[in-house]
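Student: I'd like to ask you about the structure that follows.
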Amino acid sequence: MIEYLIDGPLWYFSLAVFVIGVLWQLGSIVFAGRKGDLSVARGNATSSGFKNIFSRFIPHREIAPQIGVQVVAGYLFHLGLFALLFFAAPHVLFLEENLLGFGWTPMPHWAFIMASQAAFLGLIILWVRRMTNPVSRLISTLDDHIVAILTFVVMLTGCLALLEGFNALRLLHRFTVELWLIYFPFSALMHTFTFIPSRAFTGAWFGRRGIDA
Amino acid sequence: MGEQMSERLEKGLAVLRAEMDYKVHSFFSSCVNCGVCAESCLFYTETNDPRYTPIYKTEPMRKLWKSEYSFWGRLASKLGMTKPLTEADLADWEELVYDGCSMCGRCSMVCPVGVDISMVIFKVKHALAVAGFSPEGLVETTQRAIDVGSPMGVTLKTVQAMIKHVEANTGLSVPMDVEGADYMALLSSNEIALYPEYLESLVKIFDHAGVSWTLSSQAFEATNSGLQIGNKKIAGQLVQRVVDGAEKLKVKTVISPECGHAYTALRWEGPNFIGKAYPFRVVHILELLDELRAQGRIKTTGMETDRLTFHDPCSIVRRGGVQAQPRNLLEPITENFVEMADHGSMNWCCGGGGGVSGNERAHDLKLTAFNKKKSQIEELKVDAVVTACSNCRMVMEDGLEANEMEIPLLGLTELIAEHLDEKRTS
Amino acid sequence: MRIKTLLILFCLVLPQISLADGPPKSLNSPEGVSAISPGSELWRAVRQRDGEVLEGVSQVKSVDSGMLINARGDQWARFRISKLTTYGGIAIAAVFVIVILLYVVRGKIPIEGGLSGRMVRRFTDYERIVHWTLAIVFLFLTITGLILLLGKPLLIPLFGKEVFSVFASASKEGHNLFGPLFLVSLIMIFLSFARRNIYEKGDLTWLLKGGGIIGDGHVSGGFFNMGEKTWYWMVILIGFAIAISGLILVSPVFGQGRWIMELSHVIHTIGALILITVSIGHMYLGSIGSEGAMEGMKSGYVDINWADAHHDRWGKKCHDENLIISAEEYARLQGRKPDDTAELATEQGK
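Protein chains in written order, with numbering that gives the first Met the number 0: chain A, 0 to 212; chain B, 0 to 425; chain C, 0 to 349.
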């Protein structure tokens, strides 16, 4: 019964919530009415906006030394997580069989282990920093902690099921993934997508004033 | 505070709701509270007070966004589980937004998800201003700007007296209300009251370069207190005066003075404040000087031998895009020019922008924030600092004096005027 | 048909012939017929009971492939099942009991004169991040490790084998994955704290006074006292032993044989049990056991009275160098709203 729920209805429900929620949130940003800027532009807003989406992956030299922990841990976590998400062998197989109908070469087992270790280390450091740094503690909300812990649990259940020998562990992982998908569109997890319009807007703003942001 | 929502709160909420656009939605939904912006803010780095974290200064807006625009917030509000934004919240944020932020925009450069934090802070400031939570000093200057026409109470008579003085000093005449001139120059209050050298330099340079220009008796004041206090309506009224003056004299171009926020108000925000595009061009004085230099209309002679550096005014460089021009202008007249650490669009603010310098309550905090600039200047061991914003200049002069450092501040336009090649002057 | 019968007969006779070739001496011994089974000699040799190591030849080319049977394996397995598991479990339970008793008897060790509210900086952000990262990884490894060690006697009776197998598989995967993270955080801990943990003059008095647990009053200490330094070096030395033995266990591809694996396992388990038991004491003293101690790892600041009481030499240095900040300044640095702002807010709210 539980197996049926997790593999069937709950999976489709969470997927629907995720897709519709994300599209709705992005739609309300992208398709919202906007006032044009009446001042005369100096530079090209569009190209600067596009450029800024990528240029902000690298912190400014002037601030990098002060934010070293966040940058290093942030990259460890995000790169590790993306590698796991899209290149872990069970994930590739799952996507091929259930969603896409095609697959790609997954990463070898040792790469999987290293990616997950990087992701865990990064996430733990970022979360500990959130708890101990006075700035982060002041500005963090309940949602930030839920997101961190939920993501941790999803990654953890995935790794606990690494042997792929127990259905219970597979179901546990899938269940936490479903919770994560349902929570996604209404939380800080949305930054996965909204960082793109945010960077683009800000890059465009600076760009039309002739500034390289 | 009773059950009934006060009028002030309602006014503030109305502004916040009106300002809640697609950008704000994108910004708040992408912010992960990483705290990187704190390290970019000199009010945080110099005080170590987490409350000065830039994104925290937007809290009233975020709170409203959470409770009225986010899923969980709306659900929680429906169930009566959230604390709504209160008047006390607005009152609490007055100090953070007015005293603890110079609108320098450094945070907007470093945010990893690309939030233009200072833009959102300005929206909060707008709401606070309309709700009546602004420091007394700024309220008074803004009122004076509306009533008298200038925040420092400068009248046409004061300007006329200064013009007489300048004409006597230079032997040149200052054009006033010349219809059909190419350029209309503006002055900031500081430049009238504290630094008359600016007008004197303009007269000399324009004479040297043969520029057709004029002052307007109707619109000579460039300072925009509306922008400083954050009230877009008042800012629009003040911009409209300049537009009216320029239209009356049918000039092709209006010259923003060195003053940083005046440039922002005129060049970038002005048309949006008044809701229509200008029939003329707006240039910053440095842009114009660099154009004239490139055209060969300004010829300089002699070099400054002192060790000099340039302080980038935030509103002109990081938020204004005039970055190469000051360097182009300094290059031919300085022998010993050094760049400050973090110069250009990642410069550190003097600490007095965004109305902080006009806010007496913020005096001590401003001096603390100045420590950043102080250490930068000390590091370079320069003989003088050049800048191109009368407000930066005043704030840095105060700061250096308070720290008993005898380093002179120079205006870039004056420096050019001192090096004009007299042989070419007509 | 006749041939077939002959063949069977031949087969039956054959063993008798070969026996007749070399009959065991015992059969013809003067004491009479022995009861020892004919295979026992063979198996005695196979199991290397007499200490003689049998080295065979196999087509499989790998470490220990010539070993017919791992004679010591039995010893090792028995050691694990009867000694490690039993004594390990008892040790952990005992430390819990001691800590609870200590709390009941002594309660939270108060600071003389209470907390002053005036604070000194003790740990940087980075140092706290490193500490808590190690703590989280350590805790995770402890839980998964203990499930694997004590699962058989404790969890199987509770949940049954079926459920335990799931736990065991999950724990094994998790434990192996997090292991290397322990090494990484250990290196970070080493780099951050090693210098301040070098023993110095005066540390011995701390030891002689029993670290303050025995008797009244606190004992002398520098930035770290003798107890903390000893705990630190235990973490570093035993920690590295655990990490390296763990790596040997998790990656059997570097030519290590059974003997090295057994040794690594024993070092790994004993080391871990020592660190786990002592860490319970560390957690106790760092939190509910000692007033004002937790603050240092939470905010990075400690009360000056706490510093004077537990680390008097460091406390004196803080006094001398004027490093103490007021309660208001501390509140400000923690991002708490200053009181005057609150007053202002209520004033303006009216």
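Heads up, the beta-carbon is just placed ideally off N, CA and C, and yes, glycines get one too.
Using a Cβ-Cβ cut-off of less than 7 Å, give me the residues of the region 47-81 of chain B that come near chain C, in sequence order.
Tutor: 47, 48, 49 and 50
Student: Between which two residues does the beta strand (DSSP E) harbouring residue 280/B extend?
Tutor: From DSSP, the beta strand (DSSP E) with residue 280/B extends over 280-283.
Student: Just the C-alpha distance for residue 271/C and residue 17/A, rounded to the nearest angstrom, thanks.
Tutor: 43 Å
Student: Look at the alpha carbon of residue 251/B and the alpha carbon of residue 28/A, and state the distance between them as a whole number of angstroms.
Tutor: Each residue's alpha carbon lies about 38 Å from the other.
Student: With the cut-off set at 8 Å, would you say residue 214/B and residue 175/B are in Cβ contact?
Tutor: At the C-beta level, residue 214/B and residue 175/B come within 8 Å of one another.
Student: Quick one: what's got a C-beta closer than 8 Å to residue 154/A's C-beta in the same chain, skipping five residues either side?
Tutor: 80, 83, 115, 118, 119 and 122
Student: Heavy atom of the ligand ATP less than 7 Å from the Cβ of residue 202/B, yes or no?
Tutor: Of ligands this structure carries none, so the ligand ATP is not represented either.
Student: Looking at the unbroken beta strand (DSSP E) that takes in residue 305/B, where does it start and where does it end?
Tutor: 303-310
Student: What alpha helix (DSSP H) runs, 4 residues minimum, are completely inside the region 163-194 of chain B?
Tutor: 188-192
Student: Using C-beta distances below 7 Å, list every residue in its chain close to residue 254/C, excluding the 5 sequence neighbours before and after it, in chain order.
Tutor: 62
Student: On the DSSP letters alone, give me the boundaries of the alpha helix (DSSP H) that residue 19/B sits inside.
Tutor: Note, residue 19/B: premise wrong, no alpha helix (DSSP H); not H, not E.
Student: Taking 8 Å as the CB-CB limit, is residue 91/B close to chain C?
Tutor: yes
Student: Please name the residue, chosen from 272/B, 324/B, 123/B and 75/B, that lies closest to residue 236/B on a Cα-to-Cα basis.
Tutor: 272/B
Student: What residues in the region 143-164 of chain A bring their beta carbon closer than 9 Å to a beta carbon of chain C?
Tutor: 155, 156, 158, 159, 160, 161, 162 and 164
Student: Return the residues of the region 115-136 of chain A that lie within a Cβ-Cβ distance of less than 8 Å from chain C, sorted by chain order.
Tutor: 115, 116, 119, 120, 123, 124, 127, 128, 130, 131, 132, 133, 134 and 136
Student: Closest Cβ-Cβ distance between residue 78/A and chain B: below 8 Å?
Tutor: no
Student: Would you say residue 334/C reaches chain B, if we count a Cβ-Cβ gap shorter than 8 Å as a contact?
Tutor: yes
Student: Where does residue 23/A fall in DSSP's three states?
Tutor: helix
Student: Can you tell me the Cα-Cα spacing of residue 75/C and residue 157/C, whole angstroms?
Tutor: 26 Å
Student: Going by other Cβ atoms of all chains shown within 10 Å of its Cβ, with 16 needed for buried, is residue 99/A buried or exposed?
Tutor: exposed
Student: Does the beta carbon of residue 181/A sit closer than 8 Å to a beta carbon anywhere in chain B?
Tutor: no
Student: Starting from the beta carbon of residue 170/A, find every residue of chain C whose beta carbon is closer than 7 Å, and list them in chain order.
Tutor: None at all; the shortest Cβ gap to chain C is about 11 Å.
Student: When you compare only the Cα positions, how much space is there between residue 397/C and residue 74/A?
Tutor: There is simply no residue 397/C to check, as chain C begins at 0 and stops at 349 in what is shown.
Student: In whole angstroms, give me the CA-to-CA distance for residue 275/C and residue 141/C.
Tutor: 7 Å
Student: Determine the direct distance from the alpha carbon of residue 88/B to that of residue 156/B, and round the result to whole angstroms.
Tutor: Near 44 Å, if we compare the C-alpha coordinates of residue 88/B and residue 156/B.
Student: What is the residue span of the beta strand (DSSP E) that residue 63/C lies within?
Tutor: Here residue 63/C belongs to no beta strand (DSSP E), and DSSP marks it neither H nor E.
Student: Between residue 238/C and residue 266/C, what straight-line distance do the alpha-carbon atoms span, to the nearest angstrom?
Tutor: Approximately 11 Å, taken between the alpha carbons.
Student: So residue 179/B packs on residue 124/B, CB below 8 Å; how close in whole Å?
Tutor: Contact flag wrong, Cβ pair sits at about 39 Å.
Student: Just how far apart, CA to CA, sit residue 157/A and residue 236/C?
Tutor: 32 Å
Student: So does the region 302-317 of chain C actually touch the region 287-294 of chain C, counting three or more Cβ pairs closer than 8 Å?
Tutor: yes
Student: Work out the CA separation of residue 317/C and residue 332/C for me, nearest whole Å.
Tutor: If you take the alpha carbons of residue 332/C and residue 317/C, they lie about 18 Å apart.
Student: Let me know the alpha helix (DSSP H) ranges lying completely inside the region 310-385 of chain B, each 4 residues or longer, listed in chain order.
Tutor: 323-329 and 362-379
Student: Which first and last residues belong to the beta strand (DSSP E) in which residue 300/C is found?
Tutor: 300-302
Student: So with CB distances below 7 Å, who are the chain B contacts of residue 331/C?
Tutor: 48
Student: Express the C-alpha separation of residue 389/B and residue 190/B in angstroms, rounding to a whole number.
Tutor: 7 Å
Student: Any residues in the region 211-227 of chain B with a beta carbon nearer than 7 Å to a beta carbon of chain A? Which ones, in chain order?
Tutor: none
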